[in-house]
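Trainee: Sending over a structure as structure tokens; questions will come in a sec.
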Amino acid sequence: MGVRKREKALEIKEAKQKVAFAKLNNCPTSPRKMRLVADLVRGIPVDKALAILKFNQKEAATSLHKLLLSAIENWKVKNEGVDIETAQVFIKEIRVDGGAMLKRLRPAPQGRAHRIRKCSNHVTIVLGAKNNTES
465 MGVRKREKAL EIKEAKQKVA FAKLNNCPTS PRKMRLVADL VRGIPVDKAL AILKFNQKEA
525 ATSLHKLLLS AIENWKVKNE GVDIETAQVF IKEIRVDGGA MLKRLRPAPQ GRAHRIRKCS
585 NHVTIVLGAK NNTES
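Structure representation (structure tokens):
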């Protein structure tokens, strides 16, 4: 049983080494607002996604733009000597999960208090290449 577990862990580790990704934790935007922007760039080539995020009016787009640039740099480090245009790098997966929630109280009429929930999120971008020619 221990041998299979170790082999499975090595397979997962090797799969992670092939995939280029970037994570953004505790971004102070609600997950719903971030998903609206993330849906625009899912499955699109990297150069088009950068253009979409650069000219998008939403505040979440700036965070995703920085995160995508980081993922591109991570891909370049893992694939030295391969050009992004020839490899046709695209956004394979973009996942927006809910993060920690700050709970605050706001005064309300007649001595009551209303709870305010300030949401945050975690974003993960995974890049894939259609023509990954390793040398």
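Note that the numbering used here numbers the sequence shown so that position 19 is 483, with each residue one more than the last. The beta carbon of each residue, even a glycine, is placed where N, CA and C say it ideally should be.
Around the C-beta of Phe485, are 16 or more other C-beta atoms found within 10 angstroms, so that it is buried, or is it exposed?
Mentor: The residue given as residue 485 occupies position 21 in the sequence shown. Phe485 is buried by the Cβ-count criterion.
Trainee: I'd like to confirm the pairing. Which residues does DSSP put opposite Gly562 in its beta bridges?
Mentor: For the purposes of this step, residue 562 is identified with residue 98 of the sequence shown, where counting begins at 1. DSSP, once it has assigned bridges, lists Asn585 as partnering Gly562.
Trainee: Between the Cα of Val590 and those of Leu533, Met565, Thr550, spot the shortest distance and give me the residue it belongs to.
Mentor: Indexing the sequence shown from 1 puts residue 590 at position 126. The shortest C-alpha separation from Val590 is found at Leu533.
Trainee: Could you check which residue in Arg499, Gly545, Ile580, Val510 has the C-alpha nearest to that of Glu411?
Mentor: Nothing about residue 411 can be reported from this structure: the residues present for the chain run from 465 to 599 only.
Trainee: Applying the 10 Å Cβ sphere with the 16-neighbour rule, what's the burial state of Val501?
Mentor: Along the sequence shown, read from residue 1 onward, the residue named residue 501 stands at position 37. Answer is buried; the Cβ neighbour count reaches 16.
Trainee: Could you say if the stretch 500 to 517 and the stretch 548 to 558 meet the contact criterion of at least three C-beta pairs nearer than 8 Å?
Mentor: Contact holds: three or more Cβ-Cβ distances are below 8 Å.
Trainee: Does the beta-carbon of Gly562 have 16 or more other beta-carbons within 10 angstroms, so that it is buried, or is it exposed?
Mentor: In the sequence shown, counting from the first residue as 1, residue 562 sits at position 98. Answer is exposed; the Cβ neighbour count stays below 16.
Trainee: Apart from the five residues just before and just after Glu475, which ones in its own chain have a Cβ nearer than 8 Å to its Cβ?
Mentor: Taking the first residue of the sequence shown as 1, we reach residue 475 at position 11. Excluding positions up to five away in sequence, the list is empty.
Trainee: Could you tell me the alpha carbon to alpha carbon distance between Leu488 and His578, rounded to whole angstroms?
Mentor: Residue numbering aside, residue 488 sits at position 24 when the sequence shown is read from its first letter. Residue numbering aside, residue 578 sits at position 114 when the sequence shown is read from its first letter. Using only the alpha carbons, I get a separation of about 30 Å.
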